[in-house]
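> Have a look at this one before I ask anything.
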Amino acid sequence: MTVSAAPRSGVMREPADGGRFGEFGGRFVPESLVPACAELEEAFRDAWSDPAFRQQLDMFRTVYAGRPTALTPAWNLSAELGLTLLLKREDLAHTGSHKINNVLGQALLARRMGKTRLIAETGAGSHGVATATAAALFGLQATVYMGERDMQRQALNVFRMELLGAEVVPVTSGSRTLKDATNEAMRQWVAAVDDSHFCLGSVAGPHPYPWMVREFQRVIGEEARRQVAAELSTGVPDVVVACVGGGSNAAGTFAGFADTAARLIGVEAAGGAALTNGTPGVVHGSRSLVLQDEHGQIAEAHSVAAGLDYPGVGPEHAQLNRSRRATYVTVTDEEVVEAVRRLARTEGIICALESAHAVAWVLRAAGTDELPRGSTVLLTLSGRGDKDVMQLRAGVTA
Amino acid sequence: MTVSAAPRSGVMREPADGGRFGEFGGRFVPESLVPACAELEEAFRDAWSDPAFRQQLDMFRTVYAGRPTALTPAWNLSAELGLTLLLKREDLAHTGSHKINNVLGQALLARRMGKTRLIAETGAGSHGVATATAAALFGLQATVYMGERDMQRQALNVFRMELLGAEVVPVTSGSRTLKDATNEAMRQWVAAVDDSHFCLGSVAGPHPYPWMVREFQRVIGEEARRQVAAELSTGVPDVVVACVGGGSNAAGTFAGFADTAARLIGVEAAGGAALTNGTPGVVHGSRSLVLQDEHGQIAEAHSVAAGLDYPGVGPEHAQLNRSRRATYVTVTDEEVVEAVRRLARTEGIICALESAHAVAWVLRAAGTDELPRGSTVLLTLSGRGDKDVMQLRAGVTA
Amino acid sequence: MTLRLATDRPLLIPYVTGGLTPDWTGYLLAYQDAGADAIEVGLPFSDPMLDGTTIQQASDRALQRGATPGAILDDLAAMRDRLHVPIIVMTYANLALKLGVARFAAVGVTGLIVPDLPLEESAPLEAETEAAGIDLILLAAPSTPDDRLAEICRRSRGFVYAVSVMGVTGERTTLAPAAFSLARRLKDELQARLPVLIGFGVSTPEQAAAGGRAGDGVVVASALMRRVLDGANPSDVRLDVVALRAALDGGESAAQPYAEISGDRR
Amino acid sequence: MTLRLATDRPLLIPYVTGGLTPDWTGYLLAYQDAGADAIEVGLPFSDPMLDGTTIQQASDRALQRGATPGAILDDLAAMRDRLHVPIIVMTYANLALKLGVARFAAVGVTGLIVPDLPLEESAPLEAETEAAGIDLILLAAPSTPDDRLAEICRRSRGFVYAVSVMGVTGERTTLAPAAFSLARRLKDELQARLPVLIGFGVSTPEQAAAGGRAGDGVVVASALMRRVLDGANPSDVRLDVVALRAALDGGESAAQPYAEISGDRR
Ligand SMILES: Cc1ncc(COP(=O)(O)O)c(C=O)c1O
Ligand SMILES: Cc1ncc(COP(=O)(O)O)c(C=O)c1O
């Protein structure tokens with residue numbers, strides 16, 4: 043991996059002052075947290091322009107997390123669908139999803155800032171496991187907040203976090219899912235800003251998180267860009283597609299192709315589609331599109347994929363949607379479960395329910411105007427399905 | 043990866059005629075299977091000396107399975123133990139263990155031979171999942187035989203295989219574990235040799251399996267050799283260690299270092315230690331060391347790790363043991379569970395129970411004459427622990 | 020009609036979650052009657068990021084009862100004639116921005132607190148509230164650096180809300196030392212032109228008295244809401260506010276600013 | 020004293036799993052009495068790779084009863100005076116190699132079948148058995164190519180065991196066509212100097228008769244063991260062997276070599 047100094051402006055480069063992406067973004071946090079956010083922004087800015095930091099991060103990505111991840115042509119599915127479908131294999135990254143990219147960056151940064159503890163929220167548990175992992179590696183403590191309902195759905199990930207030495211704290215307020223875990227993590231951060239870094243798991247939250255997390259995830263898109271170029275005569279795919287929960291794997295992927303002619307498609311869960319069904323609002327520290335009722339109360343999301351069960355979305359996606367640089371679509375739980383099966387049977391890859399959203403869209407769109415025959419598609423497979431197997435099995439035998 | 047033509051003789055090169063490793067090995071199969079074994083030997087010999095086949099295999103290893111896998115220094119554990127411990131990360135390979143290396147090779151070979159179905163035995167399920175995966179990828183049918191007891195212990199892997207389109211057949215004879223599944227797979231192979239390839243999961247079985255599977259796993263050792271050379275000033279580690287069930291990950295690893303001064307250590311489960319407690323015998327098609335009673339009845343093995351729950355071992359290991367080129371030791375279930383925890387907490391890596399056997403030996407031996415302070419150690423982490431998390435959790439909370 | 024506060028005694032601003040009980044406006048009258056200088060009314064939000072368990076529970080209960088921001092404001096409008104003390108609405112940015120300032124002004128609200136709207140984000144609302152004659156009260160925290168603190172003093176209206184602790188709302192066994200140093204920085208070093216009210220965790224009369232001495236008064240929320248959640252009716256809670264009032268006014272020994280209360284009720 | 024077999028009629032070799040029942044040697048007498056030309060005695064092995072469900076079950080049951088190879092051979096030694104037909108031991112390589120040829124010879128065994136010892140592995144045992152006066156009977160399979168088949172004919176002793184099917188032991192509804200072509204290859208093309216016995220799946224008198232016409236006789240195992248597992252005692256099973264004998268000897272119409280039996284009993 044080469045150390046590239048990102049240009050300061052342009053699509054998917056540095057946000058405008060205050061962390062603004064058009065009218066979205068910002069830093070809507072209690073005054074108590076403003077200094078911590080400012081300190082973090084400063085530290086990130088400093089680290090990100092420090093070649094030594096980048097080299098160190100690259101080293102951990104390579105020798106520890108297994109990057110670069112493979113780019114796998116979906117040979118059989120491509121033939122069946124009349125496409126060229128290329129899979130960016132984040133499922134092969136250590137801990138089983140793209141979440142490790144972000145977490146290694148933040149943990150290194152936290153260490154650089156002298157913090158001794160990571161606080162994190164988690165939905166599916168992928169980000170929690172990744173955080174617990176990085177904490178173990180760097181000798182930091184980790185406290186992970188997880189909705190009680192998600193803890194039941196993803197019991198094995200809870201155990202994995204504990205095995206890694208993290209403390210997992212059940213969150214019993216609100217809908218007892220990711221949004222409530224995020225509230226609780228932020229509350230706890232307020233009380234522990236001195237020694238703790240809030241290791242947020244997606245491109246949401248107050249500035250600098252949406253920008254910083256996207257930059258840490260940019261490696262997906264940059265690697266894919268190079269790998270796709272070697273694979274396709276056109277150099278760039280017609281379509282780049284990724285699932286969107288908070289939007290970090292999509293943002294990291296899109297970042298590698300923002301300056302190309304590739305169409306960027308984000309796929310949301312039908313039951314958690316902030317970009318499709320949301321309205322502007324402020325939650326978890328930034329202004330974005332949010333699922334909310336007419337009074338402004340945040341709605342509960344509902345998805346078979348715990349990692350997409352989130353009523354908000356990263357502010358940069360709201361802006362990419364507004365500016366029409368990216369298009370956002372939804373798929374249903376049924377399509378998603380079917381997509382897991384189809385990919386398993388055709389390519390021998392059991393992907394995460396989250397990632398299967400992107401696959402489901404390709405399955406539906408292939409051969410239509412949305413995705414004509416002969417298209418070339420880069421799809422980010424954000425994670426592996428091991429964590430979901432128990433859930434799928436229960437659903438399938440039920 | 044470069045295409046290297048292996049020299050025809052030398053330690054861990056081609057076995058003597060008839061697949062003999064000293065007095066071990068051979069082809070103890072019913073006459074019905076002799077032609078199939080001979081055909082397979084021929085086909086393997088032909089493919090393995092065909093650069094096109096090797097290139098194709100390398101391609102799938104790289105773009106599909108995620109090779110080369112990382113070499114990760116165990117920074118924290120090394121410091122705690124006063125060693126340099128380097129981990130060869132087969133846990134990062136697609137499907138979560140080294141088993142995919144072998145299976146990609148055999149599936150490609152089966153396709154080349156015009157077979158349309160893979161038959162496999164599995165213990166932990168890792169090999170079964172890998173086989174189901176390769177079958178899906180190459181459009182082959184897969185039938186996996188699995189002991190009924192193992193199906194209970196590894197229920198999630200059963201579901202994974204089914205999701206991948208494989209048929210999993212419970213084996214209810216004998217101890218209802220791996221050895222019985224192997225018997226059953228061979229029985230079924232007899233009845234289906236024409237269109238089916240028996241995709242054996244370790245370096246056991248009749249000639250050419252022990253040789254062929256070791257060659258397909260050699261990639262572990264060869265990659266590690268190059269990676270270690272870049273990491274250590276001495277070029278070669280003092281000790282190379284891997285767990286031994288049938289012995290394929292150890293054989294593949296050792297093969298990369300057989301011609302060096304490195305000490306080779308294989309770690310068996312105390313309850314399934316054919317090399318330590320076995321006597322010469324014939325089982326599953328070859329002569330090797332076997333756990334058996336005084337009458338020659340094969341004993342049941344007992345290990346917390348389903349993948350090491352096997353009373354036999356690959357014949358080449360029996361010979362490496364006999365010639366003292368490699369040393370074999372045992373660790374207990376308790377040491378193994380503790381090793382999983384220790385590695386998780388220090389390095390953020392949850393490894394398979396099987397792989398933890400190698401870790402457990404390092405933990406015990408470090409600082410003793412067996413493994414003095416300052417030693418450099420290459421340890422093959424054969425797989426990830428996701429499959430074991432349910433079992434560990436049950437054990438830990440019980 | 021912006022916030023007008025007494026200047027001759029330590030200020031007491033008790034809090035109530037709007038819509039928490041069917042007769043919730045009864046608490047407003049009780050507070051007024053007990054000597055509140057102003058009343059803070061919370062509009063319950065689904066995701067109260069800066070609130071501890073007590074206010075979270077109060078918000079959840081109100082929402083479960085079907086409370087909506089609009090209905091709460093309507094209730095306030097209906098009370099307008101009977102309330103002489105200023106009403107300050109506290110709610111999170113998402114609700115505040117959605118409702119709009121005109122809506123607050125229309126029901127006679129004279130102050131607004133939005134805890135997740137720091138300086139960087141508050142300018143538009145500052146302008147709107149100013150135009151509508153509402154005071155947008157800004158919060159200062161123990162972690163706020165000096166330059167920022169000065170800016171907060173400059174831009175806040177009505178009073179400066181000094182958050183006593185790095186943490187969320189909720190009762191605490193002692194008033195945090197940070198409260199005293201923050202109040203000192205605001206009053207002594209910055210010579211704040213506005214009253215400095217200490218809030219978050221003021222739980223007992225002793226703590227209120229200490230807060231009143233360190234700053235210009237206190238906001239009391241969780242301690243009262245805990246009582247209401249436990250079943251206290253307006254006249255019960257009135258007595259609590261009377262005790263707070265008395266302590267603030269020096270009617271009671273306040274020798275022990277770090278007084279213990281039994282159990283940590285966070 | 021190697022295997023001596025009749026040459027004037029189709030041969031019948033019934034099988035029994037040693038130690039299967041407490042009175043298992045009673046089956047030997049019943050077989051002899053019913054006209055067996057030799058008897059195959061299986062030494063049960065924990066991992067019977069080439070056996071179908073019936074023989075697996077028989078082996079498991081014998082092992083569970085505590086049968087050991089040594090005790091079975093002792094039982095045979097005790098029967099020596101009462102048995103006039105040759106006894107052939109069939110077992111897997113691990114047991115055969117462990118026991119050693121001398122042990123078989125000592126109890127009067129005259130033939131040995133080791134199904135997982137193909138030509139590549141059998142030379143040492145061929146030499147040892149030859150020296151001990153025991154016939155090592157080699158197996159041929161439908162998949163065996165011509166050159167190998169010739170080698171098997173050359174090196175086998177006593178008879179050539181023609182495995183009728185690509186599969187494991189076990190009853191089948193018909194005698195596989197492969198049995199006939201294998202027998203033809205052995206007898207017509209290779210002009211085998213030894214008797215060719217067809218085994219694996221010979222389940223009914225009709226199948227036995229067909230096997231006897233195609234080759235020089237049959238080995239019948241699973242069909243008899245199924246009966247024993249179902250509770251048949253020696254005199255019951257004696258009648259089955261009588262029927263097989265009669266069919267082989269042509270005392271019964273054998274017009275239907277592919278006769279159906281009810282249900283697939285594999
Ligand atoms: C595998 C996987 N993919 C995707 C997501 C969604 O996150 P994001 O939208 O930030 O990529 C998650 C969240 O847990 C996940 O586990
Ligand atoms: C992760 C893992 N390691 C090791 C083994 C043991 O196999 P071998 O000794 O052939 O490497 C298994 C078998 O299932 C396994 O799953």
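Chains as they are written, first to last, in the numbering used here: chain A, 43 to 440; chain B, 43 to 440; chain C, 20 to 285; chain D, 20 to 285. C-beta: ideal position from N, C-alpha, C; glycine also.
Please state whether DSSP places Tyr111 (chain D) in a helix, a strand or coil.
Residue numbering aside, residue 111 (chain D) sits at position 92 when the fourth sequence is read from its first letter. Of the three classes helix, strand and coil, the one that applies to Tyr111 (chain D) here is coil, per DSSP.
> Hey, out of C:Ala195, C:Glu139, C:Leu209 and C:Pro164, whose CA is closest to Glu225 (chain C)'s CA?
Stepping through the third sequence from its first residue, residue 225 (chain C) is reached at position 206. Here the closest residue by C-alpha is C:Ala195.
> Using a Cβ-Cβ cut-off of less than 9 Å, give me the residues of the stretch 107-120 of chain B that come near chain D, in sequence order.
Correct list: empty, as no residue qualifies.
> In three-state terms, what does DSSP make of Ala360 (chain B)?
Your numbering for residue 360 (chain B) matches position 318 in the second sequence. Three-state DSSP puts Ala360 (chain B) in a helix.
> Alpha carbon to alpha carbon, how far is Val283 (chain B) from Ile307 (chain B)? Give it in angstroms, no decimals.
Indexing the second sequence from 1 puts residue 307 (chain B) at position 265. Indexing the second sequence from 1 puts residue 283 (chain B) at position 241. Distance between the alpha carbons of Ile307 (chain B) and Val283 (chain B): 5 Å.
> Report whether the distance from the Cβ of Ala223 (chain B) to the nearest heavy atom of ligand 2 is below 7 Å.
Taking the first residue of the second sequence as 1, we reach residue 223 (chain B) at position 181. No, Cβ of Ala223 (chain B) sits at least 7 Å from all heavy atoms of ligand 2.
> Run through the DSSP bridge pairs and tell me what Pro215 (chain C) is partnered with.
Taking the third sequence and counting its residues from 1, the one referred to as residue 215 (chain C) is at position 196. Sequence check: residue 215 (chain C) is Val here, not Pro. Val215 (chain C) pairs with C:Val179.
> Please classify Ser78 (chain D) as buried or exposed, where buried requires at least 16 other C-beta atoms within 10 Å of its C-beta.
The sequence position of residue 78 (chain D) within the fourth sequence is 59, counting from 1. Classification of Ser78 (chain D): buried, given that the 10 Å Cβ count is 16 or more.
> Give a yes or no on whether 8 Å exceeds the smallest Cβ distance from Ser238 (chain B) to chain D.
Reading the second sequence from its first residue, position 196 is the one you call residue 238 (chain B). No - not a single Cβ of chain D is within 8 Å of the one on Ser238 (chain B).
> Does any CB atom of chain D fall closer than 8 Å to the CB of Val431 (chain B)?
Locating residue 431 (chain B) in the second sequence gives position 389, counting from the first residue. With 8 Å as the cut-off, Val431 (chain B) does not count as an interface residue toward chain D.
> Please list the residues of the stretch 84-118 of chain C that have a C-beta atom closer than 8 Å to any C-beta atom in chain A, keeping them in chain order.
The residues in question are Thr87, Pro88, Gly89, Tyr111, Ala112, Asn113, Leu114, Leu116, Lys117 and Leu118.
> The alpha helix (DSSP H) spanning Cys79 (chain A) covers which residue range?
Taking the first residue of the first sequence as position 1, residue 79 (chain A) is located at position 37. That run of the alpha helix (DSSP H) goes Val76 to Trp90.
> With DSSP run on the structure shown, which of helix, strand or coil describes Leu423 (chain B)?
Taking the first residue of the second sequence as 1, we reach residue 423 (chain B) at position 381. In this structure, Leu423 (chain B) counts as strand in the three-state DSSP scheme.
> Tell me where the beta strand (DSSP E) around Ile58 (chain C) begins and ends.
Taking the third sequence and counting its residues from 1, one reaches residue 58 (chain C) at position 39. Run containing Ile58 (chain C): Ile58 to Gly61, per the beta strand (DSSP E) assignment.
> Which same chain residues, not among the five before or five after Thr44 (chain A), have their C-beta less than 7 Å away from its C-beta?
In the first sequence, residue 44 (chain A) corresponds to position 2, counting from 1. Low confidence applies to Thr44 (chain A): its pLDDT is 42, below 50, so where it sits in the model is not reliable enough to give any reading.
> What is the DSSP secondary structure of Thr388 (chain A), counted as helix, strand or coil?
Translated into the one-based positions of the first sequence, residue 388 (chain A) becomes position 346. Three-state DSSP puts Thr388 (chain A) in a helix.
> For a test of your reading of the model: does the CB of Asn291 (chain B) fall under 7 Å from any non-hydrogen atom of ligand 2? Yes or no.
Sequence index remark: in the second sequence, residue 291 (chain B) carries index 249 (1-based). Correct: Asn291 (chain B) has its Cβ closer than 7 Å to ligand 2.
> With contact counted as at least three CB pairs below 8 Å, one residue from each stretch, are the stretch 273-291 of chain A and the stretch 244-260 of chain A in contact?
Segments in contact, yes.
> Could you compute how far the alpha carbon of Trp253 (chain A) sits from the alpha carbon of Asp165 (chain C)?
Locating residue 253 (chain A) in the first sequence gives position 211, counting from the first residue. Locating residue 165 (chain C) in the third sequence gives position 146, counting from the first residue. Roughly 27 Å between the two C-alpha positions.
> What residues of chain B sit near Gly356 (chain A), judged by a beta carbon separation below 8 Å?
As a first step, residue 356 (chain A) is located in the first sequence; it is residue number 314 there, counting from the start. Correct list: empty, because the minimum Cβ distance to chain B is about 26 Å.
> For Arg103 (chain B), collect the residues of the same chain with a Cβ closer than 6 Å to its Cβ; drop the 5 residues on either side in sequence, then sort them by chain order.
Position 61 of the second sequence, counted from the start, is the residue given in the question as residue 103 (chain B). Excluding sequence neighbours, Arg103 (chain B) sits near Arg109.
> Using the rule of at least 16 other Cβ atoms within 10 Å of the residue's Cβ for burial, across every protein chain shown, is Asp430 (chain B) buried or exposed?
As a first step, residue 430 (chain B) is located in the second sequence; it is residue number 388 there, counting from the start. Result: buried.
> Measure the beta-carbon distance from Val256 (chain C) to Ala49 (chain C) and round it to whole angstroms, keeping in mind my assumption that it falls under 8 Å.
If you number the third sequence from 1, residue 256 (chain C) lands on position 237. If you number the third sequence from 1, residue 49 (chain C) lands on position 30. Sure, about 6 Å apart at Cβ, within 8 Å.
> In chain order, what residues of the same chain lie with their CB nearer than 6 Å to the CB of Met109 (chain C), ignoring the 5 residues before and after it?
The residue you call residue 109 (chain C) lines up with position 90 of the third sequence. If we look at Met109 (chain C) and ignore the five residues flanking it on each side, its Cβ neighbours are Glu59, Gly61 and Ile132.
> Any idea if Arg23 (chain D) is buried or exposed, counting beta-carbon neighbours within 10 angstroms, 16 or more meaning buried?
Working through the fourth sequence from its first residue, we reach residue 23 (chain D) at position 4. Exposed, since its Cβ has fewer than 16 Cβ neighbours within 10 Å.
> Could you tell me the distance, in whole angstroms, from the CA atom of Met368 (chain B) to the CA atom of Leu362 (chain B)?
In the second sequence, the residue the question calls residue 368 (chain B) occupies position 326. In the second sequence, the residue the question calls residue 362 (chain B) occupies position 320. The sequence given here has Ala at residue 368 (chain B), not Met. Roughly 5 Å separates the two Cα atoms.
> Below 8 Å on the Cβ atoms is my contact criterion, and I expect Ile392 (chain A) with Leu205 (chain B) to pass it. Report the Cβ-Cβ distance as a whole number of Å.
Position 350 of the first sequence, counted from the first residue, corresponds to residue 392 (chain A). Position 163 of the second sequence, counted from the first residue, corresponds to residue 205 (chain B). Contact holds; Cβ gap of about 6 Å.
> In the DSSP output, which residue or residues are listed as bridge partners for Lys130 (chain B)?
On the second sequence, position 88 is the one that residue 130 (chain B) refers to. Answer is B:Leu113 and B:Thr422, bridged to Lys130 (chain B).
> Would you mind telling me which residues of chain F sit closer than 8 Å to Lys221 (chain B), beta carbon to beta carbon, in chain order?
Among the chains of the structure shown, chain F does not appear; the protein chains present are A, B, C and D.
> What does Gly216 (chain B) touch in chain D if you count any residue whose Cβ is under 8 Å from its own?
Position 174 of the second sequence, counted from the start, is the residue given in the question as residue 216 (chain B). Simply Ser65, Asp66 and Asp79.
> Around the C-beta of Arg229 (chain B), are 16 or more other C-beta atoms found within 10 angstroms, so that it is buried, or is it exposed?
Along the second sequence, one-based indexing puts residue 229 (chain B) at 187. Classification of Arg229 (chain B): buried, given that the 10 Å Cβ count is 16 or more.
> Could you list which residues in chain B have their beta carbon closer than 8 Å to that of Val187 (chain D), in chain order?
Position 168 of the fourth sequence, counting from 1, holds the residue named residue 187 (chain D). Those within 8 Å of Val187 (chain D) in chain B are Arg229, Val232 and Ala233.
> From the DSSP secondary-structure annotation, give me the bridge partner or partners of Gln334 (chain B).
The residue labelled residue 334 (chain B) in the question sits at position 292 within the second sequence. Bridge partners of Gln334 (chain B): B:Ile340.
> Compare the C-alpha of Glu396 (chain A) against each of A:Glu389, A:Val373, A:Ala408 and A:Arg406 and name the closest.
For the purposes of this step, residue 396 (chain A) is taken as residue 354 along the first sequence, with counting starting at 1. The shortest Cα separation from Glu396 (chain A) among A:Glu389, A:Val373, A:Ala408 and A:Arg406 belongs to A:Val373.
> Using the DSSP secondary-structure output, state which residues sit across from Gly236 (chain C) in a beta bridge.
The residue given as residue 236 (chain C) occupies position 217 in the third sequence. DSSP lists C:Leu30 and C:Leu216 as partners of Gly236 (chain C).
> So, for Leu114 (chain C): in the same chain, excluding its five sequence neighbours on each side, which residues have a beta-carbon less than 8 Å away from its beta-carbon?
Translated into the one-based positions of the third sequence, residue 114 (chain C) becomes position 95. Once the five neighbours on either side are set aside, the close Cβ partners of Leu114 (chain C) are Leu62, Phe64 and Pro88.
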